[in-house]
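Please read the structure below before turning to the comments.
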Amino acid sequence: MAGEEKTLVEILEENNQIDLAKYINYVSAPQAGAIATFSGTTRDTFEGKTVVELRYEAYVPMAIRCIKSICASARSSWDLHSIAAVHRLGTVPVGETSVFIAVSATHRADALDACKFLIDELKASVPIWKKEVYSNGEVWKENSEFMERRFELGKNGGGCCNGRKTETKTHSRKGCCATKVKVNDERAGVLDISPR
Amino acid sequence: METQIKNDNSVDSPLVDEGSSVQIKVLFFARARDITGLTELPLDVSSGSTTQDCLNKLVVKFPSLEEICGCIVLALNEEYTTESAIVKDRDELAIIPPISGG
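Keeping their order, the protein sequence lines are chains A and B. First residue of the first sequence: -11, per this note's numbering; consecutive thereafter. First residue of the second sequence: -13, per this note's numbering; consecutive thereafter.
Next up, the structure:
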């Protein structure tokens, strides 16, 4: 059982910190000589503004589906053992981890390349949103990876992933609705689903 | 010979639903939810409507949605879709503003 190839995708409801060790243990296996991980954490500044916190929400069933699809795509491109991908919802204070990816493989090149692919694809296509909260306002962020990719998303059967490593070309980044928006409501409402 | 033609088309066509409507569930996320004030909304549209038709109907209801129309994408039943996809009864249409996971 310990050596089985497996994939774990979780979206954690609010107020649950990501236990990095749990996911590293999950992907560990005797035959996997390499474990590559990525941890995304809340930064304290953005363009000179002090960030108080980030708040995440998601279209949970679709997000899980998308991440699983990205994992399947990674497996078709690299020789991998196990994958764990977890994203937290709700408020994530500065310094804490909002997203964590762990990939194991026999060799490090596969693990490292797949890990990069997984986070890049997640940022381009998984329906999760974050609001950046400053002391004097808040704004919904927009991933440039998504803005570059959005016209292709609905095509090819609507998959979250094109199924192969893509060279990301730099199209003009249209921040059409990226202007700062002050929101009076404290809580914008978050979709919660208990993790599986 | 003369035959009397009944003009009532609805009698013998139980399987044809032209002109009838379907009801879908629309989900609003992030900025779209801020604009509409709703997380979800049932929407009645005529049978054969596209996702674009649905979006147009939503903009009529919530004119401020217009300001994000240029950068949203749509998902139908948890998969990204195009504006020309046809919606069916009980479909789930999600309005997806620019994402920012990770």
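All C-beta atoms in this analysis are idealised placements derived from N, C-alpha and C, irrespective of residue type, glycine included. Here the structure is a predicted model, which means the values were calculated and not measured.
Exercise. Among residues of its own chain, excluding the 5 on either side of residue 81 of chain A, which ones have a beta-carbon nearer than 7 Å to its beta-carbon?
Worked result: If we look at residue 81 of chain A and ignore the five residues flanking it on each side, its Cβ neighbours are 30, 41.
Exercise. Listing by chain order, which chain A residues have their CB less than 8 Å from the CB of residue 13 of chain B?
Worked result: The answer, in chain order, is 47.
Exercise. Can you name, in chain order, every residue of its own chain whose Cβ lies under 6 Å from the Cβ of residue -5 of chain A, other than the five neighbours on each side?
Worked result: Only 59, 71 meet the Cβ criterion.
Exercise. With DSSP run on the structure shown, which of helix, strand or coil describes residue 25 of chain B?
Worked result: In the three-state reduction of the DSSP assignment, residue 25 of chain B falls in the coil class, being assigned neither a helical nor a strand state.
For this session: Given a cut-off of 7 Å, decide if residue 22 of chain B and residue 69 of chain B are closer than it, judged by their beta-carbon atoms.
Result: No, they are not a contact pair.
For this session: Say whether chain B places a C-beta atom closer than 7 Å to the C-beta of residue 134 of chain A.
Result: Residue contact check for residue 134 of chain A against chain B: a CB pair falls below 7 Å.
For this session: Could you tell me which of A:-3, A:3, A:-2 sits nearest to residue 84 of chain A, measuring between CA atoms?
Result: Looking at the Cα atoms, A:3 is the closest of the given residues.
For this session: Kindly indicate which three-state DSSP category residue 73 of chain B falls into: helix, strand or coil?
Result: If DSSP states are grouped into helix, strand and coil, residue 73 of chain B belongs with coil.
Exercise. Is residue 34 of chain A closer than 7 Å to residue 103 of chain A when the C-beta atoms are compared?
Worked result: No.
Exercise. What does residue 34 of chain B reach in chain D if we use C-beta pairs closer than 8 Å?
Worked result: The displayed structure is made up of protein chains A and B, and chain D is not among them.
Problem set entry | CA-to-CA distance, residue 94 of chain A to residue 20 of chain B, given in whole angstroms | Looking at the two C-alpha atoms, the distance is approximately 46 Å.
Problem set entry | Contact list for residue 131 of chain A against chain B, beta-carbon separation under 9 Å | By Cβ distance, chain B contributes 84, 85, 86, 87, 88.
Problem set entry | Rounded separation between residue 14 of chain B and residue 44 of chain B - CA only | Cα to Cα, residue 14 of chain B sits roughly 11 Å from residue 44 of chain B.
Exercise. Going straight from the alpha carbon of residue 50 of chain B to that of residue 87 of chain A, what length do you get?
Worked result: Taking the straight line joining both Cα atoms gives about 32 Å.
For this session: Using only alpha-carbon positions, find the residue among A:125, A:54, A:79 that is nearest to residue 108 of chain A.
Result: Out of A:125, A:54, A:79, A:54 has the C-alpha closest to the C-alpha of residue 108 of chain A.
For this session: Could you work out which residues of chain A lie near residue 64 of chain B, taking near to mean beta carbons separated by less than 7 Å?
Result: The contacting residues are 49, 50, 53.
For this session: Could you tell me whether any Cβ in chain B is nearer than 7 Å to the Cβ of residue 0 of chain A?
Result: Judged by the 7 Å Cβ criterion, residue 0 of chain A is not in contact with chain B.
For this session: Note down, in chain order, each residue of its chain lying with its Cβ closer than 6 Å to the Cβ of residue 78 of chain B, except the 5 sequence neighbours on either side.
Result: Within the same chain, Cβ atoms closer than 6 Å to the Cβ of residue 78 of chain B are found at 11, 63, the five residues on either side in sequence being excluded.
Exercise. Using the C-alpha atoms, what's the distance from residue 32 of chain B back to residue 14 of chain A?
Worked result: Each residue's alpha carbon lies about 49 Å from the other.
Problem set entry | Start and end residues, beta strand (DSSP E) containing residue 43 of chain A | Its beta strand (DSSP E) spans residues 37 to 46.
Exercise. In chain order, what residues of the same chain have a beta carbon less than 6 Å from the beta carbon of residue 83 of chain B, not counting five sequence neighbours either side?
Worked result: 16, 17, 18, 54, 58.
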